[in-house]
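To start, the structure under review is shown below, and the notes come after it.
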């Protein structure tokens, strides 16, 4: 079900130093911020933070357009097929941009069809366990999995090819262990079954209600897949500190992309406005309150290098587990 909401407009770009030319480049066009999921999720929240600020900076009306379905691919295809003038912006993440095309034949696009304009938020991934699992750290989990005659443990995900699935597979590959993958059709049943003890483990973003579940003792964190300790959970060890997992650093980012057909000049205009927007204290505070980190500012070239590195990294994992689109 498609949901659209008018965010507002203001033809005041001339009041913002260095941005008056941007409005001319998109004169008369409405900015369409496409969210490939229903309202209320992380990408949708970021879109509703971004829309009024981009409208103000670029002097254009802006709407948030929720286009859910088919693991995010419907919204991505909407953005891919939009006019290549920079008026269609995709609020995307690795999930639908990079991973969905690896699992769905109906996702008729590839990650390289898009160019990143800016990353808003970065969320660390954490390995969660049911509260009564007989392991309190990644090293203890590895020892438990390697114990002769030990019962096979299970881990949940939101489906084959999802980030949560690929991290589980990568973990077993790098540690030489084995776990049972249990796919679900959404995150809510995964969490419910972890709380109820029907599954043993799950990789999840350390945001939303996960921090509250951890502090309430309803689940436990065995390790965080980050390069540096988490401010709120500094006592939880980094997964990279375990033998064989030195490069196990993964995050879930959310940002703005445009079709690769959009001219470089338009991309640069949007990029400049994006960086101006990300200086707003209200936007930075909202991202941090949700449990994520504000992404550092990068040039378009740096964004593209990082984006393509992620594409190849996830494709390599998919190849290693013989993942095929259906």
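Numbering (my numbering), first residue to last: 32 to 357. All C-beta atoms, glycine included, are put in the ideal place defined by N, C-alpha and C.
- Per DSSP, reduced to three states, the secondary structure at residue 126 is helical.
- Beyond the five residues adjoining it in sequence on each side, residue 241 comes within less than 6 Å, by CB distance, of 235 in the same chain, given in chain order.
- If you check the CB distance, residue 287 and residue 264 do not come in under 9 Å.
- If the five residues before and after residue 176 are omitted, its C-beta is found closer than 6 Å to the C-beta atoms of 208, all from its own chain and listed in chain order.
- Check the Cα spacing between residue 172 and each of 80, 273, 213, 89: the tightest is with 273.
- Note on the segment 251-324: whole beta strand (DSSP E) runs with a minimum of 3 residues are 282-290, in chain order.
- Residue range 331-351 is occupied by the alpha helix (DSSP H) that includes residue 334.
- If you look at residue 98, you'll find it isn't in any alpha helix (DSSP H); DSSP assigns it neither H nor E.
- In this structure residue 228 does not touch residue 316 by the C-beta definition: roughly 37 Å separates them, more than the 8 Å allowed.
- In this structure, DSSP gives residue 63 an extended state, which the three-state scheme calls strand.
- Residue 168 and residue 111 have their alpha carbons spaced roughly 43 Å apart.
- Judged by pairs of C-beta atoms under 8 Å, the segment 207-226 touches the segment 181-189, as three or more such pairs exist.
- Secondary structure in the segment 134-205: the beta strand (DSSP E) runs of 3 residues or longer, each lying completely within the stretch, are 145-161, 185-188 in chain order.
- For residue 119, the secondary structure class from DSSP, reduced to helix, strand or coil, is strand.
- Secondary-structure assignment with DSSP links residue 235 through a beta bridge to 157.
- Judged by beta-carbon spacing, residue 284 lies beyond the 9 Å limit of residue 92, meaning their Cβ atoms are not closer than that value.
- DSSP, reduced to helix, strand and coil, places residue 214 within a strand of the structure shown.
- Taking 9 Å as the cut-off, the Cβ atoms of residue 349 and residue 192 count as close.
- DSSP, reduced to helix, strand and coil, places residue 82 within a helical segment of the structure shown.
- Residue 117 sits away from residue 67, with the two beta carbons spaced by 9 Å or more.
- In the DSSP annotation of this structure, residue 356 is not part of any alpha helix (DSSP H), being labelled neither H nor E.
- Assigned with DSSP and collapsed to three states, residue 93 falls in strand.
- Annotation for residue 153: 282, 284, 323, 324, 326 place their beta carbon closer than 7 Å to its own, counting only its chain and skipping 5 residues before and after.
- Using a Cβ-Cβ distance cut-off of 8 Å, the segment 66-83 and the segment 94-102 are in contact, since at least three pairs of beta carbons, one from each stretch, lie closer than that value.
- By the CB criterion at 9 Å, residue 164 and residue 231 fall inside the cutoff.
- DSSP places residue 246 inside the alpha helix (DSSP H), whose first and last residues are 241-246.
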